[in-house]
């Protein structure tokens, strides 16, 4: 359910109207400054400052302490009631009250019994100005009773069945915590199959043999008394099917049929809750726990959904293996039906729990103390909400206001008490009680009527010193009743200060936004009311600002050199400046090499550790300025190049100065790795809303290692820092400690608020929800408000949960609405949101455009005009007009074809448009329709128009056949798009000679009804180029070209070439001649290449001489140049030049580029026709000569081997 907040009706009674007028005239109450001396002197009614909780459970073994503390002037006295009657503590020796306090101490340890002091207690603090009362404090001693003795039967259950072991703990106060353990005090393991329910029972979805044991023990722990009670052990025995079959078989004869059924799988059945539906009532702000436990085999899996909505993000948790749904901090928006679904492979079961969220009273506006002057007006407001709505009642000094002494200045109007013309006797303490069936709220608020002459609390002649061009704030803290009027004067006899150059604050402070040197002087503050007048003087001095007129500069110095940084300053002569030098934001090293002069810092004998950032800080009592410079130390040459790298991550992150909206973060930079750090990037993580996600926060210069960070409420902050130099970014630092900021009202409202209807009778209001850290507190909701624009109507509002859409039904079609969406949380509302304009849903337009006219511009273009439709008939956002047009028929062919409608859209409120791409000499129809966001309106009546003739397209084809010595036959097809009535064809042709020159052009006009032509009297063996196109009365169309050749007189027919169709400039082609034909040229090249290869082969064979790598030839010639095969290393000998006697090693190969280097032996494997494919036998002998086909021996008797190398291939060819 979504609560609907409606605005008040217009008709307000006369009495209500007068009451509102009176409230508008009420003077705001006085604020009492927190000045200790003033507070000691002013009379004040009592205020309760400390009290025990409403439901106070005490340990019966210890003394009972019931707290009640209060303050007031004069100090209040205390009294107590018990169960509604006066409690006389003097008559009970065990009861005492602490001195100067209302706190009761009941001495149970001296023989008393806590049960005797059970009851409802209330404390009253009273002085001459009124009486304040505490809450009703219910005192109950905690109880931890023993388990009742019971006889527990062993549980015998079949494998696969479900089982519930009941705990049924004794009723204690408060209720005990339940857990199951065994005899060894070890917790029993739980899983999706076995788990403990919210009631403490142990549920088995299906039992297994390992569940057999005799020590299932339920324990109840009573935290208040620190005692644990134990139930008697429960025994469970699980019978497996195998053991059951063995038992049956042992007791039956061989002829009997026996056998227990195997373990059967079962679909889920809910063990708790029972039935298909149940209800649950929970209070706002509590934790909602819903439970579903199911039996089944295989073990069912539980899933939860909310019917008609989604489970609230960031507040939903699943416990007990998803059997328990936990929603924290519930609100009324969480009411609804929650369905649990238990599912396994055989089926599913479900249960619907109807949840209703009620609410104990909670404050909207709690009454606040009033301090009034005699004769002033004021009011106490007490507003609370709850479900059901709480009743508001008032008490005066602890007595119901109806029977309290009358006060003529007081008038009660529901949740408001209005005071008019109060007197000192009107001082009292009022109590507001808001209660419903789920609880109550009690608040004390006093009305303190004071008559005090003005007092100025700021010390006399206080001196204020500021820097020129900065603000000056001169205090004049005051108090008086009635509230004094404050005036400021400059000088002893000066006039009252007025004008835009001064700002006068309500607390009496005078602000000079931009103080100048002439603002120096004495200022007098005067406070007056009807009881008196008082004044006070303060002094203002304006000083010149401190400046660094020559700042230190970036330095690069070699190791062991000397460097100096300058810092020359200018300051006010009355201020004493101090100059401090820092290195890397820390004190300078205690080293005599660092010399600090009046205007400079000098470093002698520089070392690598001196590298860093040096800062000059100039401080006076009023201002501070600083300037920094980086010192980079480099090695003296010659040295290796410096390695530059990304900086190391910062470390030692520390948070200080924690405030509600800010915190100071500091860190220590890591090593910059020879490249100065240019800046630091600070990121944050919100561990409450988006754990693990880091967001950019800010960045600061590389010379800064502290930063003041602005924070948002209700965020768990962690920070990390990244250093950046010219090389890149460092790794992030380790995160800082977490800092959780306090909750507050939302600072902002949702963005991108829109109102767009999805149906004609609704308004869909959408917005971008606030992100988690923007909520500023728990219980984020939205107040959605709307009203029809330009209609005297009230706002309608609803409060919805943390969603991003709300649908308003029953709206008129397409009317404007004013919309606003305001964020709120448990602490209150965000600022008033901005209003946006939306529209309810659109419907289709009602009428068609009228007066449609068509103006044909040329054969392919037309212009269409229409009258706009009335905006009221559009019934939506006018998006434009659509023109539908289609070709009905071609006027030249008089044949209809499939109608293909084309659509052109014209945006906006246009009344004309162009229709391009029309076909000439055709009949068209068109209509126009208006378009809105819903769709198209009705079409206008069809409008017929015709396009004039145009030039035709090129003929569909041109073929040249039957070439003879002096004639060619031409055949063609009519144009695909005649675009009118053809009048003729135009044929142009010209010869092309052997030098690619074009001859004279001949033109022939051919009747339109012809489709072929024989050209005669042509030259033999001549190439001709033809240009062919069609004509209408408008002109000539694009042409098609062909080339053809008359045959040679020898009777050989020339080929016909067909270049692409086109109207471009003709290029002459060669006359057909065998000497110019590609196949002939290719053949001649191949013959020449073969002859060249043949010559190369002959040359190689001729020059091989007596070089024979074959082992038989080596044996036949006892040449001392030949090295025999070595058995030990596997090398073989070969012929070689005298310059190279290196043997070829076994397994050697030619280089990878298949070449043999010149410096190797002139006699290579390539010479034998193998190249890189040569092989060796197991004994190392060369066998390349035997691979391939062996040739016939030449005349000299030399042997030659074939191989698949290019050279051998040519040998084979020869």
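Residue numbers (my numbering): 2 to 1215.
Idealized CB from N, CA, C, for every residue including glycine.
Nothing here was measured: the structure is a model prediction, and the numbers come from that model.
Rounding to the nearest angstrom, what Cα-Cα distance links residue i and residue j in this structure?
i, j, result
"residue 287", "residue 332", "8 Å"
"residue 63", "residue 118", "13 Å"
"residue 1046", "residue 857", "48 Å"
"residue 155", "residue 164", "12 Å"
"residue 970", "residue 1016", "6 Å"
"residue 108", "residue 61", "11 Å"
"residue 695", "residue 722", "11 Å"
"residue 496", "residue 490", "6 Å"
"residue 147", "residue 99", "37 Å"
"residue 446", "residue 798", "32 Å"
"residue 652", "residue 385", "50 Å"
"residue 890", "residue 935", "34 Å"
"residue 518", "residue 579", "23 Å"
"residue 664", "residue 713", "11 Å"
"residue 58", "residue 391", "26 Å"
Grab me the residues of residue i's own chain with a C-beta within less than 7 Å of its C-beta, minus the 5 sequence neighbours each way, in chain order.
i, result
"residue 875", "846, 931, 933"
"residue 103", "69, 70, 71, 79, 124, 126"
In chain order, what residues of the same chain have a beta carbon less than 8 Å from the beta carbon of residue i, not counting five sequence neighbours either side?
i, result
"residue 779", "330, 715, 744, 826, 827"
"residue 811", "762, 763"
"residue 52", "68, 69, 70, 124, 135, 136, 138"
"residue 733", "650, 684, 695, 721, 722, 723"
Sort out for me which residues DSSP pairs residue i with in a bridge.
i, result
"residue 1010", "Answer is none; residue 1010 lacks a bridge partner."
"residue 489", "526"
"residue 754", "Note: residue 754 sits in no beta bridge, so no partner."
"residue 505", "511"
"residue 990", "1003, 1027"
"residue 81", "124"
"residue 819", "788, 838"
"residue 976", "956"
Taking the alpha helix (DSSP H) that residue i falls in, what are its first and last residues?
i, result
"residue 153", "Taken as a continuous stretch (DSSP letters only), residue 153 belongs to no alpha helix (DSSP H), as it is neither H nor E."
"residue 704", "Premise fails: residue 704 is in no alpha helix (DSSP H) and is neither H nor E."
"residue 873", "872-875"
Excluding the 5 residues preceding and the 5 following residue i in the sequence, name in chain order all residues of the same chain whose CB lies nearer than 6 Å to its CB.
i, result
"residue 548", "571"
"residue 781", "803, 826"
"residue 704", "614, 629"
"residue 627", "616, 618"
"residue 461", "537"
"residue 853", "867, 929, 941, 944"
"residue 904", "883, 885"
"residue 488", "497, 527"
So the beta strand (DSSP E) residue i belongs to, where does it begin and stop?
i, result
"residue 304", "302-307"
"residue 684", "680-687"
"residue 429", "429-437"
"residue 219", "214-223"
"residue 412", "411-414"
"residue 531", "Element bounds for residue 531: n/a, residue is neither H nor E."
"residue 344", "337-345"
"residue 454", "453-457"
"residue 329", "From DSSP, residue 329 is part of no beta strand (DSSP E); its letter is neither H nor E."
"residue 828", "Careful: residue 828 lies outside any beta strand (DSSP E) and carries neither H nor E."
Are three or more beta carbon pairs between the region 271-283 and the region 341-357 nearer than 8 Å?
Short answer: they touch.
Below 8 Å, can you find three or more Cβ-Cβ pairs linking the region 742-758 to the region 672-686?
Not touching, per the Cβ criterion.
Contact between the region 640-649 and the region 613-624 (3+ Cβ pairs under 8 Å):
Cβ pair count under 8 Å is below three, so no.
Would you call the region 211-220 in contact with the region 303-314, where contact means no fewer than 3 C-beta pairs closer than 8 Å?
Judged by Cβ distances under 8 Å, the region 211-220 makes no contact with the region 303-314, as fewer than three pairs qualify.
Does the structure place the region 473-484 close enough to the region 447-456 that three or more beta carbon pairs sit under 8 Å?
Segments in contact, yes.
Quick test of the definition: if touching needs 3 or more C-beta pairs under 8 Å, does the region 467-475 touch the region 394-405?
Too few Cβ pairs lie closer than 8 Å, so no.
Is it true that the region 193-202 meets the region 167-175, where meeting means three or more beta-carbon pairs spaced less than 8 Å apart?
Contact holds: three or more Cβ-Cβ distances are below 8 Å.
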